[in-house]
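Residue numbers (the numbering used here): 324 to 689.
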């Protein structure tokens with residue numbers, strides 16, 4: 324992928340876009356360019372992603388090439404991993420870019436990967452479809468480089484070189500070096516001019532070689548720095564990964580311990596509930612027994628009261644019979660007394676009748 328900026332617009336060339344449809348669920352990649360569905364694979368092992376995650380990375384790379392840095396680059400990578408799935412899709416900060424470029428980035432940075440366009444659809448996007456050909460891009464690139472050098476104050480050294488005849492140009496193109504010593508008929512002025520021109524070329528070539536060597540050394544140093552920074556980032560990512568795994572392991576152990584505590588607490592609650600139900604059952608059984616005994620006691624008390632009533636009735640009848648017997652005894656005694664008195668009267672009468680035998684008899688009536 325290449326990006327060339329001209330004023331508020333930018334020009335892109337895309338190569339090597341893959342149309343693979345294979346799905347993955349590994350958590351690998353640089354955090355700032357990582358798609359939300361790739362980050363989700365670390366939180367949910369069942370989550371998967373496909374080639375569309377590269378389109379998200381393409382959109383982040385476009386923002387990086389436009390603004391000089393990817394979104395959230397000022398944050399810690401772990402903080403970026405936390406915010407990417409939760410924040411809205413990033414957009415260009417400046418409004419100077421073309422609407423086609425902004426629309427292209429919006430098409431790449433669709434958080435729902437199932438709604439993200441495919442590679443074929445992005446190739447048909449106006450920002451890609453309306454790009455100039457390679458020759459126009461080279462011209463625009465050269466103009467952009469020239470303008471940049473002028474802004475930086477870099478001036479190219481302009482040298483006047485003798486063009487010579489067409490035969491000399493053909494000889495130079497064929498690789499035959501021009502010699503100022505083997506030019507018959509040349510004037511002294513021409514030889515001096517060619518000598519100066521050759522010396523100027525040699526100085527320019529030496530300066531160019533020095534600049535090229537300096538640039539190569541700078542490139543090598545830059546590569547070494549990049550490799551060192553990359554190795555440092557890899558080590559930091561490994562350390563962060565190790566810390567994250569250690570934190571996840573501790574959290575997992577803590578969850579297991581909490582689950583064990585919850586299970587033990589639940590079992591303790593169940594045991595207490597079972598004991599409470601057993602105690603309530605025993606209390607209910609005892610209460611029922613007490614109620615049954617109370618009912619039996621009430622029945623016995625009722626029977627006792629009935630027996631006491633019968634006993635009282637029997638005593639009353641017995642007392643009445645006793646009184647009646649006493650009354651009968653008194654009557655009998657009275658009758659006995661009456662009989663005794665009657666007998667005494669009869670005896671007295673007999674004694675009285677002896678002198679007078681025909682004396683009438685009297686009968687006592689009660």
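Each residue gets a CB set at the ideal place from its N, CA and C atoms; glycine is no exception.
Span separating the alpha-carbon of residue i from that of residue j
i, j, result
"residue 444", "residue 422", "18 angstroms"
"residue 522", "residue 532", "15 angstroms"
"residue 564", "residue 471", "42 angstroms"
"residue 649", "residue 659", "15 angstroms"
"residue 478", "residue 384", "Residue placement at residue 478 is flagged as unreliable, the pLDDT there being 48, under the threshold of 50; the coordinate-derived value follows with that caveat. One C-alpha to the other measures close to 32 angstroms."
"residue 613", "residue 605", "12 angstroms"
"residue 642", "residue 603", "56 angstroms"
"residue 365", "residue 353", "14 angstroms"
"residue 675", "residue 637", "54 angstroms"
"residue 379", "residue 357", "8 angstroms"
"residue 664", "residue 630", "49 angstroms"
"residue 537", "residue 413", "39 angstroms"
"residue 367", "residue 547", "38 angstroms"
"residue 361", "residue 397", "21 angstroms"
"residue 534", "residue 568", "49 angstroms"
"residue 596", "residue 589", "10 angstroms"
"residue 501", "residue 450", "Low confidence applies to residue 501: its pLDDT is 41, below 50, so where it sits in the model is not reliable, and the reading given next is rough at best. Straight-line Cα distance between these residues: approximately 50 angstroms."
"residue 457", "residue 466", "14 angstroms"
"residue 355", "residue 556", "12 angstroms"
"residue 652", "residue 672", "29 angstroms"
"residue 455", "residue 464", "12 angstroms"
"residue 617", "residue 632", "22 angstroms"
"residue 434", "residue 562", "28 angstroms"
"residue 460", "residue 469", "14 angstroms"
"residue 481", "residue 527", "For residue 481, the predicted structure reports a pLDDT of 41, less than 50, and the residue's modelled location is therefore unreliable. A value from the coordinates is still provided. Spanning the two alpha carbons is a distance of roughly 11 angstroms."
"residue 677", "residue 657", "29 angstroms"
"residue 405", "residue 540", "40 angstroms"
"residue 475", "residue 420", "23 angstroms"
"residue 639", "residue 621", "26 angstroms"
Rounded distance between the beta-carbons of residue j and residue i, thought under 8 angstroms
i, j, result
"residue 395", "residue 403", "4 angstroms"
"residue 359", "residue 407", "6 angstroms"
"residue 391", "residue 432", "Their Cβ separation, rounded to whole angstroms, is 18 angstroms, which puts residue 391 and residue 432 out of contact at 8 angstroms."
"residue 415", "residue 386", "6 angstroms"
"residue 439", "residue 524", "Not confirmed; about 56 angstroms, so no contact."
"residue 400", "residue 560", "7 angstroms"
"residue 448", "residue 437", "Going by Cβ atoms, the distance from residue 448 to residue 437 rounds to 19 angstroms, so no, they are not a contact pair."
Span of the alpha helix (DSSP H), counted from its first residue to its last, around residue i
i, result
"residue 364", "359–366"
"residue 690", "Beyond the ends of the chain as shown, which are 324 and 689, falls residue 690; an answer cannot be given."
"residue 430", "422–431"
"residue 469", "457–475"
"residue 444", "442–446"
"residue 449", "449–452"
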